[in-house]
Structures are given as C-alpha cells and as structure tokens.
Amino acid sequence: MVEASSVEIRKVNKYYGQFHALKDIDLSIPPGKVTCLIGPSGSGKSSLLRCINFLEEYDSGEVLIDGQLIGYETPGGRRMAPRRLRQMRSTIGMVFQQFNLWPHMTAQENVAEGLIRVRGMRKRDAMERAAEALTRVGLSDRMGNHPSRLSGGQQQRVAIARAVAMDPRLMLFDEPTSALDPELVGEVLNVMKALAAGGMTMVVVTHEMGFAAHVADQIAFLEAGELVDVDVPSRILREPEDRRIQSFLRTYHERNLI
Amino acid sequence: MDLSIFSEYGPRLLSGFRLTIICWLLGTVFGAALGLLIAVAQRYGGRAVRWALQTYIELIRGTPFLVQLFLLYYGGPMIGLRLDPLPAGLLGLTIYGSPYFAEIFRSAFRAVPLGLIEAGRAIGMTEMAIVRRILLPVGLVSALPALINFSIILTKETVILSIITVPEVMYQTQYMATMTFTYLEGYFALALFFWVFVEVISRLGRRLERRITRHLIERT
Ligand SMILES: Nc1ncnc2c1ncn2[C@@H]1O[C@H](COP(=O)(O)OP(=O)(O)OP(=O)(O)O)[C@@H](O)[C@H]1O
Ligand SMILES: [Mg+2]
Chain A
1 MVEASSVEIR KVNKYYGQFH ALKDIDLSIP PGKVTCLIGP SGSGKSSLLR
51 CINFLEEYDS GEVLIDGQLI GYETPGGRRM APRRLRQMRS TIGMVFQQFN
101 LWPHMTAQEN VAEGLIRVRG MRKRDAMERA AEALTRVGLS DRMGNHPSRL
151 SGGQQQRVAI ARAVAMDPRL MLFDEPTSAL DPELVGEVLN VMKALAAGGM
201 TMVVVTHEMG FAAHVADQIA FLEAGELVDV DVPSRILREP EDRRIQSFLR
251 TYHERNLI
Chain B
1 MDLSIFSEYG PRLLSGFRLT IICWLLGTVF GAALGLLIAV AQRYGGRAVR
51 WALQTYIELI RGTPFLVQLF LLYYGGPMIG LRLDPLPAGL LGLTIYGSPY
101 FAEIFRSAFR AVPLGLIEAG RAIGMTEMAI VRRILLPVGL VSALPALINF
151 SIILTKETVI LSIITVPEVM YQTQYMATMT FTYLEGYFAL ALFFWVFVEV
201 ISRLGRRLER RITRHLIERT
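Next up, the structure:
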C-alpha cells in the first residue's frame with residue numbers, strides 16, 4: 001500500500017449563485033483514518049466532499065491534499081493548470097451514489113480505462129491489473145459483464161475497484177450504499193471496511209450510522225452549510241452536545257425503529 | 001405498360017441507382033462528420049464559437065436545399081469556387097445535412113449522464129479522452145435512431161442533385177422519360193427503387209441498433 005494522504009480544509013466557502021452552501025468549513029482529515037460526514041439532506045455533505053477533488057469549485061478558503069492546494073495556484077488565486085489538477089485527482093479515488101460505471105464497457109474495461117488513459121499502462125497489463133482489483137472485491141466471475149448485467153451491489157464494487165486500481169492515497173465516498181437494496185448494502189460496506197483496515201484515508205458521506213459508529217475514526221456533522229461538530233463516533237453519536245445533532249439522531253432512530 | 005424500354009435504358013438506370021447510393025452514403029458520412037465536429041465545438045468552444053455555429057445552423061436549416069445548391073453551383077464561380085456537378089452536389093449534401101446532424105449529436109450529448117463524465121474527471125482523464133472514450137460512444141448509442149431517421153430523409157434529398165446535372169437516378173429517369181415518353185414506367189421504377197432503398201436502410205439500422213444496445217438493456 002502506498003502511503004495515505006491527509007486533507008486539510010480551511011475556511012472553505014461555497015456558493016451556488018446567491019445560495020451559501022458551505023460556510024467557513026474547517027476540517028482536518030488525518031492520514032490512514034476514516035472520516036464520516038453526516039447531516040440532514042441539503043446540509044452540504046456532497047458539496048464538501050466534491051470540493052476535496054475539485055469536482056466542485058470552492059469560492060474561498062483552502063483545500064490541501066498532503067499540504068498541496070488543490071484547484072488554485074495560490075489561495076484565492078488563479079485556477080491551477082488542468083494538467084496539475086488531473087495529476088492530483090489521479091491519486092484521489094471517488095465512489096458515487098449512482099455508481100457511474102461506463103455502460104458500454106465491461107466491468108474489467110471500466111477498471112482498466114483509467115490505468116490505460118491516465119497511468120499510460122499497456123492494455124494487456126491494465127486488464128491484468130483490473131482483473132486483480134475485481135478479484136479483491138469478490139467479482140472474479142463477473143469481469144466480462146456489462147454494468148447492466150450486474151446487481152447494484154456488484155456495480156458499486158466494480159466502481160470501488162475502478163478507484164482502488166489507480167492506487168489512490170485517498171478515497172472519497174458519496175453515499176455509496178444509498179441507491180442499493182437493503183440486502184446488498186452489506187457486501188459494499190464489507191469492501192469498504194477492508195479498505196479502511198488496509199490503512200486508506202477515507203472520507204465517507206453516509207446515512208449508515210452503524211458503519212459510522214464502528215468504522216469511523218471521526219465523524220463530522222454538517223447542517224445548513226455549517227460544520228457543527230467533529231469528534232470521535234462515541235461522542236457524536238452517544239453524547240452529542242449540540243441540539244441540532246440531537247434532533248438529527250432522534251429523527252434517525254425514530255425512522256429506523258419502525 | 002411498355003417494359004422493353006428497360007432493356008435499352010436499364011444500364012443507364014443502374015448507373016443512376018449506383019450514383020444515388022454513393023451520393024447518399026458520402027453525403028451522410030460527411031454530413032454526420034461535420035455535424036459531429038460542430039456539436040463537439042459547440043460543447044467545448046467559447047461564446048464566440050458557439051454563437052457562430054448557432055448562426056450557421058440556423059442559416060442552413062432556414063433555407064431550401066435547392067437554393068443552397070444553386071448558390072454553391074452557380075454562385076460559387078463568382079467567388080472563385082468552380083466545382084463540377086458531382087463534387088458540388090456532394091458538398092451541398094454535406095452542408096445541408098450538417099446542422100441536422102449537429103442537433104442530433106448535441107441533444108444526444110446532453111442526454112449523457114453528467115455522472116459518467118465526472119467519473120472520468122475524478123480519475124484524472126483529459127477532457128479529450130473523456131470525449132473520445134465516454135461522451136462519443138455513450139452519446140452515439142442514444143443518437144442512433146435519430147441518425148438513421150435523418151439519413152433516410154437524406155436519401156430522398158439526393159434527387160435534387162439532378163437539377164445541377166448530377167447523373168444520379170432521377171436524372172437518368174428523366175432522361176429516359178423524355179426520350180421515350182414512358183413517364184409512368186420510369187417514375188414507377190424510380191418510386192420502387194426508393195422504397196426498397198429506404199426499407200433496406202431502416203432494416204439494417206434496426207439491426208445495428210439491436211446489436212449496439214444489446215448489452216445496455218437493464219435486465220429485469
Ligand atoms: N449545482 C447546484 N446548484 C444549485 N444548488 C445546489 C447545487 N448543488 C447543490 N445545491 C444546493 O446546495 C445545498 C447542499 O447540497 P448538497 O448536495 O451538498 O447536500 P447533501 O448534504 O449532500 O444532501 P443529500 O443528503 O440530500 O445528498 C442544497 O441545498 C442543494 O440544494
Ligand atoms: Mg449528497
């Protein structure tokens with residue numbers, strides 16, 4: 001395993017037009033640890049996650065990957081050269097809620113694509129490496145299938161293999177299990193747990209409180225674009241100080257008791 | 001009906017058929033290629049590029065093919081563009097079809113889910129690679145029915161080339177009809193030819209569509 005990245009988020013602000021989606025966010029993401037982002041719908045979790053690989057542009061503040069600013073040449077300065085941005089992104093894996101597999105490629109081709117186009121590997125080597133990555137997520141018998149012939153859980157595991165095959169130093173997950181039928185959630189979470197155990201830095205937006213409680217090293221709670229609190233899971237989930245967290249957890253438990 | 005004329009004029013008609021098919025094929029391929037270029041340039045170009053291309057699209061779509069062809073063939077020499085009938089006809093078909101093809105590609109590209117493109121960006125792919133490897137193949141699949149449909153429309157536009165004396169099937173039929181006064185037989189054969197031609201294209205098109213979308217259909 002390559003060494004894991006750290007992420008430093010400082011005073012980040014993000015606007016959609018007039019709407020203030022992220023307000024002065026400060027967050028330290030230590031290397032090799034799992035950070036979960038939780039909070040109500042619309043609180044800015046996805047926006048914050050997507051600022052980390054600059055899929056979403058932040059308007060002010062800094063996002064530093066291993067001390068290097070992403071997206072801009074200097075804080076508040078010009079946009080960084082596309083080439084540099086691509087190079088930084090290639091060390092950051094991302095997994096989406098909707099999987100976003102390329103429908104015209106087989107599972108194996110999906111995983112090999114980045115290795116060929118970004119890492120410049122030869123097709124044959126890339127396909128071999130893709131096969132290994134798919135085997136690691138338990139899909140050695142599904143490599144030739146197109147996404148339409150895979151279950152949601154299998155698709156998401158292909159998406160994780162696609163990211164992991166690039167040897168990322170940091171992995172971002174945006175509600176990776178939210179689009180899955182309940183019985184398929186476990187297989188994806190297991191793959192994520194194995195990654196975490198391997199020492200990968202992970203930032204996970206999730207509604208799976210069980211995962212957050214057992215796997216996260218820290219939980220950040222957002223509401224209405226503000227980072228309300230960051231702490232170890234036991235503090236956030238069992239004895240939250242802030243009323244907004246208390247009420248969020250109450251709603252969550254009520255919904256899940258029925 | 002007098003069918004004996006076909007033994008005399010058969011070879012002429014056959015060469016007309018052949019040229020019609022060639023004109024259609026080249027007009028479709030070049031028109032689609034130009035349309036594709038326009039659609040990609042519109043997506044990635046700046047404001048000025050987008051405006052210029054939109055104007056081009058509206059100009060071409062807003063004028064009759066025959067007028068465009070006359071401008072090209074008879075007006076061209078005045079600005080130093082002297083073309084033989086066939087090249088002029090092919091260029092005309094290409095230009096005439098390009099805005100329709102461009103619109104087909106443009107809306108097909110817009111139908112490609114943003115997530116597929118973001119997945120490419122997140123992994124560090126260049127925009128070029130994203131266009132070639134994701135946007136084009138995924139977009140083409142959804143564009144296919146409209147592409148086939150417009151290429152069928154184009155089959156029938158090729159007859160207009162006869163007016164600038166391209167010896168395609170309409171031209172040959174007219175020639176035969178005026179020489180022999182066999183209007184019914186000639187134009188009946190012409191209608192039959194187009195009907196078969198279009199039928200073949202649409203069947204091949206459907207087969208192609210099935211082939212390409214086979215693995216894309218969600219299993220249920
Ligand atoms: N592209 C956009 N344009 C305008 N507003 C946006 C855009 N993306 C997000 N927003 C708004 O920003 C706010 C934060 O959105 P975000 O997607 O980050 O929330 P979230 O916490 O991920 O929510 P969810 O749990 O529903 O995914 C929301 O109010 C949303 O409506
Ligand atoms: Mg979200």
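Chains as they are written, first to last, in UniProt numbering: chain A, 1 to 258; chain B, 1 to 220. The beta-carbon is built from N, C-alpha and C at its ideal position, and this holds for glycine as well.
Check                                                                                                                          : Outcome
A/Ser46: CB within 6 Å of a non-hydrogen atom of ligand 2                                                                      : yes
Chain-order list of residues whose beta-carbon lies under 6 Å from that of A/Leu170 (same chain, five-residue window excluded) : Ser5, Ile92 and Thr201
Pair within 7 Å by beta-carbon distance, A/Pro147 and A/Gln156                                                                 : no
Test: A/Asn13 CB closer than 7 Å to a CB of chain B                                                                            : no
Length of the line joining the Cα atoms of A/Ala224 and B/Ile123                                                               : 29 Å
Residues of its chain near A/Arg78, where Cβ-Cβ distance is below 8 Å and the 5 sequence neighbours each way are ignored       : Tyr72
Nearest candidate by alpha-carbon position, reference B/Val67, set B/Ala111, B/Pro99, B/Gly92 and B/Met170                     : B/Gly92
Supposed contact pair B/Ile201 and B/Ile160 - C-beta distance, whole angstroms, cut 8 Å                                        : Not quite, the Cβ-Cβ distance comes to about 18 Å (not below 8 Å), so this is no contact.
Test: B/Glu199 CB closer than 7 Å to a CB of chain A                                                                           : no
Check whether A/Leu49 and A/Leu172 have beta carbons under 7 Å apart                                                           : yes
Separation of A/Gly39 from A/Ile245, as counted between CA atoms                                                               : 8 Å
Straight-line gap, B/Arg50 to B/Val40 (C-alpha atoms, nearest Å)                                                               : 10 Å
Chain-ordered chain A contacts of B/Pro167 [CB-CB under 8 Å]                                                                   : Correct list: empty, because the minimum Cβ distance to chain A is about 42 Å.
Chain A contacts from the segment 107-119 of chain B (Cβ-Cβ distance under 8 Å)                                                : Pro113, Gly115, Leu116, Glu118 and Ala119
Ligand 1 heavy atom lying under 6 Å from the CB of A/Gly42                                                                     : yes
7 Å Cβ cutoff, B/Ala143 in contact with chain A                                                                                : no
Sufficient close CB pairs (3 or more, under 8 Å) joining the segment 47-61 of chain A to the segment 20-27 of chain A          : yes
Sequence-distant residues of its chain with Cβ nearer than 7 Å to A/Val191 (five each side left out)                           : Val137, Arg157 and Ile160
Alpha-carbon to alpha-carbon, B/Leu36 and B/Leu147                                                                             : 11 Å
Beta-carbon proximity of B/Pro137 to A/His104, cut-off 7 Å                                                                     : yes
Residue-level contact to chain C via CB, B/Met128, 7 Å cutoff                                                                  : Here chain C cannot be found, since the structure's protein chains are A and B.
Reduced DSSP secondary structure (H/G/I, E/B, other) of A/Ile70                                                                : coil
is_contact[B/Gly45, chain A] using C-beta, thresh 7 Å                                                                          : no
Contacting positions in the segment 168-191 of chain B - beta carbon closer than 7 Å to chain A                                : none
Members of the segment 88-111 of chain A that neighbour chain B once the beta carbon cut-off is set at 7 Å                     : Arg89, Ser90, Met94, Phe96, Gln98, Asn100, Trp102, Pro103 and His104
Residues near B/Ile164 in its chain [Cβ-Cβ closer than 7 Å; skip 5 each side]                                                  : Leu69, Tyr73, Pro85, Ala88 and Gly89
Which residues DSSP lists as bridging residue 260 of chain A, in chain order                                                   : One cannot answer for residue 260 of chain A here, as it falls past the ends of chain A, which runs 1 to 258.
Under the three-state DSSP convention, the category A/Ser28 falls into                                                         : strand
Inter-residue Cα distance where the pair is B/Leu83 and B/Tyr9                                                                 : 28 Å
DSSP-derived helix/strand/coil call for B/Val159                                                                               : helix
Cut-off 6 Å between Cβ atoms - residues of its own chain near B/Leu13, not counting five sequence neighbours on either side    : Gln172
Reduced DSSP secondary structure (H/G/I, E/B, other) of A/Asp229                                                               : strand
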